[in-house]
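Reading through the structure tokens given below for one structure.
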Amino acid sequence: MTLPLFIEQTLNGVQFGVMLFLMAAGLTLIFGVMGLINLAHGALYMVGAFAAAATAAATGSFILALAASVVFAAFAGVLVETLIIRRLYGRDHLDQVLATFALVLIFAEGTRWVFGSFPLFLDKPDWLSGTVMLPFGIEYSLYRLAIILVGLVVAAGLFWLIGRTRVGMQIRAGENDREMIAALGVNISRLYTLVFALGAGLAGFAGALIGAIQSVQVGMGDSVLILAFVVIVIGGIGSIKGAFVGALLVGLTDTLGRQLLPMFFALFMEPAAATSTGASLASMAIYLLMAAVLILRPKGLFGGA
0 MTLPLFIEQT LNGVQFGVML FLMAAGLTLI FGVMGLINLA HGALYMVGAF
50 AAAATAAATG SFILALAASV VFAAFAGVLV ETLIIRRLYG RDHLDQVLAT
100 FALVLIFAEG TRWVFGSFPL FLDKPDWLSG TVMLPFGIEY SLYRLAIILV
150 GLVVAAGLFW LIGRTRVGMQ IRAGENDREM IAALGVNISR LYTLVFALGA
200 GLAGFAGALI GAIQSVQVGM GDSVLILAFV VIVIGGIGSI KGAFVGALLV
250 GLTDTLGRQL LPMFFALFME PAAATSTGAS LASMAIYLLM AAVLILRPKG
300 LFGGA
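Numbering (numbering that gives the first Met the number 0), first residue to last: 0 to 304.
What follows is the structure, encoded as structure tokens:
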């Protein structure tokens with residue numbers, strides 16, 4: 000692998016990791032503060048993507064499409080938390096899994112009823128199309144680079160919100176002792192709704208960003224949700240820093256593994272066999288990474304930190 004190709008694939012891995020962080024950050028906040036296993040988080044990712052595609056088609060504005068993805072996903076999150084999730088606090092995790100899985104089916108069929116079964120397409124704006132020239136003669140997608148930059152800005156804002164604001168202090172306190180902050184006068188129901196809306200908005204924003212690369216279709220958040228769970232297990236449940244580091248590790252492991260493993264096995268096998276073996280192991284690489292982290296740190300890299 001040449002140096003330019005390695006750098007390009009590394010950037011692809013960072014872009015994938017940033018997108019996973021937007022998903023995993025909300026998921027880890029929801030579980031850390033509320034103790035809730037939310038399988039419907041991927042459906043909110045899908046809601047954001049469909050809201051962006053529909054808004055872009057109606058207005059022609061990509062910026063409005065991104066804003067709509069956050070607003071509609073956060074609004075859907077508030078409705079879900081207020082009407083359904085609020086009744087699951089303190090219930091067994093099995094009840095939470097069954098209820099949120101039912102929400103996945105409801106969102107999927109509702110989206111199919113509104114938009115149909117065919118995928119939608121969210122076009123990149125002209126000012127984000129094309130490539131940009133990077134050092135070492137690398138031509139890289141301007142849109143993918145923009146995803147990295149925007150994702151890092153959102154990550155910095157989230158770190159500031161959690162670490163430097165009064166709301167962040169309440170969220171961090173809620174992770175440690177929900178009963179105590181309620182006794183101190185914090186409106187715990189409002190805090191839960193805020194956290195759920197924040198997580199939903201981040202998921203919807205991630206769906207909109209990726210919707211301009213892939214097609215927008217029903218069920219598009221399911222596979223991303225699985226990877227988001229892997230991220231928070233690696234990083235440590237309830238840790239934003241862990242979600243960020245875990246997302247980058249997963250993104251780089253998945254992207255570079257798909258490139259490097261077939262090349263490695265090509266040294267010992269026929270090209271066809273090397274490609275097949277490398278691709279198979281590459282799809283397992285992130286789960287092997289998760290297993291290795293859990294062996295060394297059962298609570299994740301930053302769990303309990």
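Every residue gets a Cβ at the ideal spot worked out from N, C-alpha and C, and that includes glycine.
For Leu247, the uninterrupted alpha helix (DSSP H) segment begins and ends at Ile239 to Phe264.
For secondary structure counted as the alpha helix (DSSP H) over 4 or more consecutive residues, the region 46-132 holds these complete runs in sequence order: 61-82 and 92-114.
Below 8 Å, too few C-beta pairs join the region 28-37 and the region 265-278 to call them touching: fewer than three. The distance from the Cβ of Val215 to that of Leu121 is about 6 Å, consistent with a contact at the 8 Å cut-off.
Rounded to the nearest whole angstrom, the C-alpha separation of Glu138 and Gln8 is 12 Å. Within the same chain, and ignoring the five residues on either side of Asp253 in sequence, the residues whose Cβ sits closer than 6 Å to its Cβ are Ile285. Put simply, the region 219-227 touches the region 31-45. At least three CB pairs are less than 8 Å apart. Going by DSSP, Ile137 is part of the beta strand (DSSP E) stretching over Ile137 to Ser140.
In the pairwise beta carbon analysis, the region 53-61 is classified as not touching the region 259-272: fewer than three pairs are separated by under 8 Å. Counting C-beta pairs closer than 8 Å gives fewer than three between the region 77-90 and the region 17-28, which falls short of the contact rule. Distance between Gly89 and Pro134, taken at the CA atoms: about 53 Å. For Val215, the three-state secondary structure derived from DSSP is strand.
Close CB contacts of Ala281 within its chain, under the 8 Å cut and outside five residues either way in sequence, are with Asp253, Gly256, Arg257, Leu260 and Pro261 (chain order).
For Arg296, the secondary structure class from DSSP, reduced to helix, strand or coil, is coil.
Taking the Cα positions, Ala72 is about 31 Å away from Leu288. Residue burial is scored here from C-beta neighbours: Gly237 has at least 16 other C-beta atoms within 10 angstroms and is therefore classed as buried. In this structure, the straight-line span from the alpha carbon of Leu141 to that of Gly184 is close to 48 Å. Secondary structure at Ala39: coil, using DSSP grouped into helix, strand and coil.
By the C-beta density criterion, Gly150 is buried, having at least 16 other C-beta atoms within 10 angstroms.
In chain order, Gly47, Ala48, Ala51, Leu65 and Ser68 place their CB closer than 6 Å to the CB of Ala207, counting only its own chain and leaving out the 5 sequence neighbours on each side. Looking only at Glu269, Ala55 and Trp112, the smallest Cα-Cα distance to Val217 is reached by Trp112.
At least 7 Å separates the beta-carbon of Gly235 from that of Phe158. In the structure shown, Thr9 adopts helical secondary structure according to DSSP, grouped into three states.
Using a Cβ distance threshold of 7 Å, Lys123 and Ala211 count as a contacting pair. Secondary structure at Phe15: helix, using DSSP grouped into helix, strand and coil. Judged by DSSP in its simplified three-state form, Val185 adopts coil rather than helix or strand. When the Cα atoms are used, Met179 and Tyr191 turn out to be separated by approximately 15 Å. For Gly234, the enclosing alpha helix (DSSP H) has its first and last residue at Asp221 to Gly234. Scanning its chain for C-beta atoms nearer than 7 Å, with the 5 sequence neighbours on each side dropped, one finds around Gln95 the residues Leu35, Ile36 and Leu87, in chain order.
Under the three-state reduction of DSSP, Met268 is assigned to coil, being neither helix nor strand.
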